[in-house]
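Inspection log for the structure reproduced underneath, given as structure tokens.
And the structure:
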């Protein structure tokens with residue numbers, strides 16, 4: 010029988026398994042790439058302002074995604090605690106997205122606007138002053154580190170090539186937007202954008 014020949018030939022079997030998995034993967038992924046719901050931004054979702062974009066880089070660099078997810082699942086226990094579940098259109102401009110799967114700390118998808126900038130600053134400096142049971146480390150060095158405006162401008166230029174609708178005015182204003190601001194200011198600006206557009210999606 011043909012299947013016996015295939016089973017005895019390890020190399021051929023491996024190739025055929027890879028082909029089968031590839032077809033299965035394409036059947037799952039390609040339709041999602043063609044749905045407007047997954048490729049078009051949700052109402053109100055725009056690319057991050059320059060300061061918040063710099064803050065997102067700080068968020069990724071410091072490994073915040075290791076303990077905090079940014080994806081509210083469509084279950085009542087999740088929506089009761091965090092707010093409306095995350096839709097794909099909310100993450101169209103995320104490269105890479107920060108969904109995550111581990112929650113040592115709370116999900117941050119809907120944290121934007123829930124706390125003041127002063128609260129975030131105090132929390133980032135000394136987390137246990139505000140949340141006594143927190144095991145989050147402090148990030149005091151962020152208050153001293155500045156933002157590289159030239160690097161941020163180059164990043165926005167690349168994002169424009171990828172399709173993010175940044176304007177010439179936004180690009181020209183990058184240096185002004187981040188002048189005198191610290192990495193902590195940028196991270197707080199990023200946190201304040203999270204989930205704001207998706208709070209009332211319908």
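Numbering (my numbering), first residue to last: 10 to 211. Just so it is clear, CB atoms sit at the ideal spot from N, CA and C, and this is done for glycine as well.
With a threshold of 7 Å, establish whether the CB of residue i neighbours any heavy atom of the ligand NAD.
i, result
"residue 63", "Absent from the structure shown: the ligand NAD. Ligands present: none."
Can you look up residue i in the DSSP assignment and give me helix, strand or coil?
i, result
"residue 31", "helix"
"residue 191", "strand"
"residue 155", "strand"
"residue 40", "helix"
"residue 64", "helix"
"residue 183", "helix"
"residue 17", "helix"
"residue 199", "helix"
"residue 126", "helix"
"residue 150", "helix"
"residue 90", "helix"
"residue 99", "helix"
"residue 206", "coil"
"residue 11", "helix"
Select from the options the residue whose C-alpha is nearest the C-alpha of residue i.
i, options, result
"residue 182", "139, 158, 136", "158"
"residue 145", "73, 86, 199", "73"
"residue 149", "133, 140, 143", "133"
"residue 143", "22, 125, 114, 168", "114"
"residue 99", "51, 106, 75, 151", "51"
"residue 125", "19, 200, 17", "200"
"residue 68", "106, 176, 206, 23", "106"
"residue 49", "175, 168, 102, 151", "102"
"residue 112", "75, 163, 70", "75"
"residue 203", "138, 35, 96", "96"
So is residue i buried or exposed if we call it buried at 16+ other beta carbons inside 10 Å?
i, result
"residue 65", "buried"
"residue 89", "exposed"
"residue 59", "buried"
"residue 12", "exposed"
"residue 189", "exposed"
"residue 53", "exposed"
"residue 187", "buried"
Roughly how many angstroms separate the alpha carbons of residue i and residue j, rounded to a whole number?
i, j, result
"residue 191", "residue 153", "6 Å"
"residue 15", "residue 27", "14 Å"
"residue 43", "residue 56", "21 Å"
"residue 173", "residue 165", "8 Å"
"residue 37", "residue 30", "11 Å"
"residue 17", "residue 40", "36 Å"
"residue 19", "residue 33", "21 Å"
"residue 197", "residue 23", "49 Å"
"residue 184", "residue 206", "26 Å"
"residue 136", "residue 168", "33 Å"
"residue 211", "residue 91", "With a pLDDT of only 37 at residue 211, under the threshold of 50, the placement of this residue in the model should not be trusted, and no figure is reported."
"residue 195", "residue 94", "26 Å"
"residue 127", "residue 193", "11 Å"
"residue 71", "residue 171", "25 Å"
How do the segment 47-67 and the segment 153-172 stand: do at least 3 beta-carbon pairs fall below 8 Å, yes or no? yes
Give a yes or no on contact between the segment 168-187 and the segment 112-126, applying the rule of three or more CB pairs nearer than 8 Å. no
Pair every Cβ in the segment 110-119 with every Cβ in the segment 69-85, then say whether three or more of these pairs are closer than 8 Å. yes
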